[in-house]
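Remarks on the structure that follows.
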Amino acid sequence: MEFLKELGLEKYLLIAQIVNFLILFFILKALFYKPLKKVLDERKERIIKGIADAEAARELRERTAKEKDGIIRTARAEMLAMIEDSRKAAEEIKNKIVDDAKLESEQMVNDAKAQAQEEMKKMEKEIKKMSLDISQKIIQNVIPALLDEPEKDIVLKRAVKKLEEKNIYE
Amino acid sequence: MNDSDLKELARLSVSEGSVSPDVQRYVLEKLSHSELKSYLLHLKREIKNSKVFIRTAGKPDKETLEGINKIFEGKKVELNFSQMPKLGGGIQIEYKDNLVELSLKALVEKSLKNLRESV
């Protein structure tokens, strides 16, 4: 007990203080510790929940990122497929247009050929007619001088003989 | 008087060579305006029908003329000869509404016509 005296402490005072301390301790425990513990527990739970939420959010983010990547990959694949389809469709359309144009041009060429042939035939006919007209005019001018008098006489006699045989007048 | 009577009257008038005074008087006194018109048309036609137009390229000789006359022997027709150099040769005979042509020109024209049809 000497060391207490050296420290300037009274034995009874120390006991009283210890008793006070204990009383205060129990009072505080009874009044504050439980609510405080409850608050701390709640806070702890919130933190744990926050961490869990954060973890879930992280996982969700990662999953979302993965899904996003998947979606992007799928979209890219679909887009590429669509582009390929469009390219094929465009190619088919182009080929069809080219084929149609080819057919149409062939038809046009054939029509033009047929028309040209028709025109040629018409022209040929016209030329023949013209040449016949010209020939007729030339012949009409030439006929009177074609035969000399003795020949004309022979032709006339033959014609009269034929008419005599036919008895043309009734 | 109907149309066939008028036609017969016109034929008789022409066959006699001239219209007798009795016929003239009858026609002028008895026929109506329309009958007279019809009679004159028949007369004109009969006169035309009584003539035969013979055309040759050159002048026919005696033998040919005899041949032509032989064709119309016994027919009451008047032969009218003329020359048509453009026939080239042969003969063309026109009577009533007929045209008989045996000439170089007709031959050539027939050939040209055939050619035209074949074109």
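First to last, the sequence lines map onto chains Y and X.
In terms of my numbering, the first sequence has 37 at position 47, counting the first letter as 1, and numbering is strictly consecutive.
In my numbering, each residue carries its 1-based index in the second sequence increased by 40.
Positions of the beta carbon are idealized from the N, C-alpha and C atoms, including for glycine.
All of these numbers come straight from a predicted model, not from anything done at the bench.
Checklist entry - Among ASP101(X), GLY130(X) and PHE112(X), which residue has its Cα nearest to the Cα of LYS91(X)? => result PHE112(X)
Checklist entry - DSSP puts GLU134(X) in a beta bridge; with which residues? => result PHE93(X) and LEU139(X)
Next on the checklist: Could you compute how far the alpha carbon of ILE62(Y) sits from the alpha carbon of ARG53(Y)?
Outcome noted: 14 angstroms
Next on the checklist: Here's a check: name, in chain order, each residue in its chain whose Cβ is nearer than 7 angstroms to the Cβ of LYS92(Y), leaving out the five neighbours to either side.
Outcome noted: none
Checklist entry - Given that GLU109(Y) touches chain X, what residues does it touch there, using C-beta distances under 8 angstroms? => result Correct list: empty, because the minimum Cβ distance to chain X is about 16 angstroms.
Checklist entry - Regarding ALA135(Y) and the ligand FMN, is the C-beta to nearest heavy atom distance less than 7 angstroms? => result Questions concerning the ligand FMN fall outside what the structure shown contains, since it holds no ligand whatsoever.
Checklist entry - Relative to chain X, which residues along the segment 137 to 160 of chain Y have a C-beta separation below 9 angstroms, given in chain order? => result LEU137, GLU139, GLU141, LYS142, ASP143, ILE144, VAL145, LEU146, LYS147, ARG148, ALA149, VAL150, LYS151, LYS152, LEU153, GLU154, LYS156, ASN157, ILE158, TYR159 and GLU160
Checklist entry - What are the start and end residues of the beta strand (DSSP E) that includes ASN120(X)? => result 118 to 123
Checklist entry - By the criterion of Cβ-Cβ separation under 8 angstroms, what are the contact partners of ILE129(Y) in chain X? => result VAL148 and LEU152
Next on the checklist: Need the endpoints of the alpha helix (DSSP H) that MET120(Y) sits in, please.
Outcome noted: 24 to 136
Checklist entry - Cα-Cα, which of ASP137(X), LYS145(X), THR104(X) and GLY129(X) is closest to LEU137(Y)? => result GLY129(X)
Checklist entry - Just by C-beta distance, which residues in the segment 97 to 123 of chain Y are closer than 8 angstroms to chain X? => result LYS115, LYS118, LYS119 and LEU122
Item to check | Continuous alpha helix (DSSP H) stretch holding PRO140(Y): start and end | outcome: 139 to 156
Checklist entry - Within the 8 angstroms Cβ cut-off, does VAL159(X) reach chain Y? => result yes
Item to check | Simplified DSSP state of SER72(X), which is helix, strand or coil | outcome: coil
Checklist entry - Whole-angstrom Cβ separation of ILE133(Y) and VAL148(X), contact assumed at under 8 angstroms? => result 7 angstroms
Checklist entry - Taking a cut of 8 angstroms between CB atoms, which residues from the segment 91 to 109 of chain X lie near chain Y? => result VAL92, THR96, ALA97, GLY98, PRO100, ASP101, GLU103, THR104, GLY107 and ILE108
Next on the checklist: For LYS145(X) and THR96(X), what's the separation of their Cα atoms in angstroms?
Outcome noted: 11 angstroms
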